[in-house]
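Chemist: My structure is below; once you've seen it, I'll send some questions.
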Amino acid sequence: MIPLHDSTLYHGLFRWHADMDGRPRLSRHEAGPEIIPCPTTGRPLRIATIEANTAAICPACANHGQGGFVSFEGDLRMAYACPQCRELVWLAGA
Ligand SMILES: [Zn+2]
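So the sequence shown is numbered by the working numbering: it starts at 329 and just counts up by one.
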């Protein structure tokens, strides 16, 4: 059985849910952190915006999902929280 509320997922930025029909989705964690570490340097990155329930295709597992996007202050990268593979996938800045 998969725990439905694992606060360590996505650095605690999102909660993971399963809909009645079993489809995974995310919601913003109301007590999530304001800063998460850069995956390459460990440098703290301050979060600018968080959007949940955004339809997207995961760059890591290629599944369609209702995931979440995170943007950061002073950093062009974004992170995609995938409800399918449950990874926080970093995206190169535009
Ligand atoms: Zn994925």
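Just so it is clear, CB atoms sit at the ideal spot from N, CA and C, and this is done for glycine as well. Model, not experiment: these values are computed from the prediction.
Is there at least one non-hydrogen atom of ligand 1 closer than 8 Å to the beta-carbon of Gln412?
Modeler: At least one heavy atom of ligand 1 is nearer than 8 Å to the Cβ of Gln412, so yes.
Chemist: Quick one: what does DSSP say Met329 is sitting in, helix, strand or coil?
Modeler: Bear in mind that the predicted position of Met329 carries a pLDDT of just 48, short of 50, making it too unreliable to give a figure here.
Chemist: Report the partner residues of Leu419 according to the DSSP bridge assignment.
Modeler: Paired residue(s): Met406.
Chemist: Looking at C-alpha atoms only, which residue of Ala346, Leu341 and His339 is the closest neighbour of Gln412?
Modeler: When only C-alpha atoms are compared, the closest one is Ala346.
Chemist: Less than 9 Å between the beta carbons of His339 and Leu416, yes or no?
Modeler: Yes, the pair counts as a contact, with Cβ atoms nearer than the cut-off.
Chemist: For the pair the segment 365-375 and the segment 388-405, tell me if three or more CB-CB distances fall below 8 Å.
Modeler: In short, these stretches touch, since the Cβ pair count reaches three.
Chemist: Have a look at Ala420, Glu362, Ala359 and Leu337 and flag the residue whose alpha-carbon is nearest the alpha-carbon of Arg353.
Modeler: Nearest option by C-alpha distance: Leu337.
Chemist: From this set, Ile363, Pro367, Ala420 and Arg343, which residue's C-alpha is nearest Thr377's C-alpha?
Modeler: Ranking Ile363, Pro367, Ala420 and Arg343 by Cα distance to Thr377 puts Ile363 first.
Chemist: Compute the minimum distance between the beta carbon of Glu415 and the heavy atoms of ligand 1, and state whether it is under 8 Å.
Modeler: Yes, Cβ of Glu415 sits closer than 8 Å to a heavy atom of ligand 1.
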